[in-house]
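J.: The structure's right below; bear with me while I get my questions together.
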Amino acid sequence: MAVAHTSKIEFNVGLDENKVPEKLNWTAEEGGISNEEAKALMISVWDSKAKDTLRMDLWTKDMPIDEMKQFFHQTLVSMAGTFERATNDEKMSATMRDFCDYFAEKLELNKK
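In the working numbering, the protein residues as written are 987 to 1098.
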């Protein structure tokens, strides 16, 4: 099957003198996003040849800890949904959601 269309998502990382992220911006023109600021990002890429996941996790030094905890929680919840859509494994997806509830409880995310 031939590629009929391509789409580009771009991340720009502004670094300080020690190469620590100061600023994160991203653009996804097809999604109507242009140079939007972000405080953190997590990217996973599956390398099918090596059968391994390549990862990039970045956050700015002014990312608040409470927001980082919320970011992780929301990412885990999102991953449970993605896992279910990709595999149709409802039982494991429910288990993942149970862990997300536990994670939120331990971090006291629901008390805010």
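Backbone N, C-alpha and C define an ideal beta-carbon position, used for all residues, glycine too.
#1: Kindly provide the ranges of any beta strand (DSSP E) runs that are 3 or more residues long and lie completely inside the region 1020–1091, ordered along the chain.
#2: Indicate the three-state DSSP secondary structure (helix, strand or coil) for residue 1010 in the structure shown.
#3: Which class does residue 1018 belong to by DSSP, given the choice of helix, strand or coil?
#4: Would you give the residue range spanned by the beta strand (DSSP E) that residue 996 belongs to?
#5: Judging by CA-CA distance, which residue of 987, 1023, 1028 and 1092 is the nearest neighbour of residue 1043?
T.: Let me spell this out:
#1: Correct list: 1026–1033 and 1038–1045.
#2: Stepping through the sequence shown from its first residue, residue 1010 is reached at position 24. Residue state, collapsed to three classes: strand.
#3: Your numbering for residue 1018 matches position 32 in the sequence shown. Residue 1018: coil per DSSP, three-state reduction.
#4: The count along the sequence shown starts at 1 and reaches residue 996 at position 10. 996–1001 is the span of the beta strand (DSSP E), which, as asked, contains residue 996.
#5: Against the sequence shown, residue 1043 aligns to sequence position 57. The residue with the shortest Cα to Cα distance from residue 1043 is 1028.
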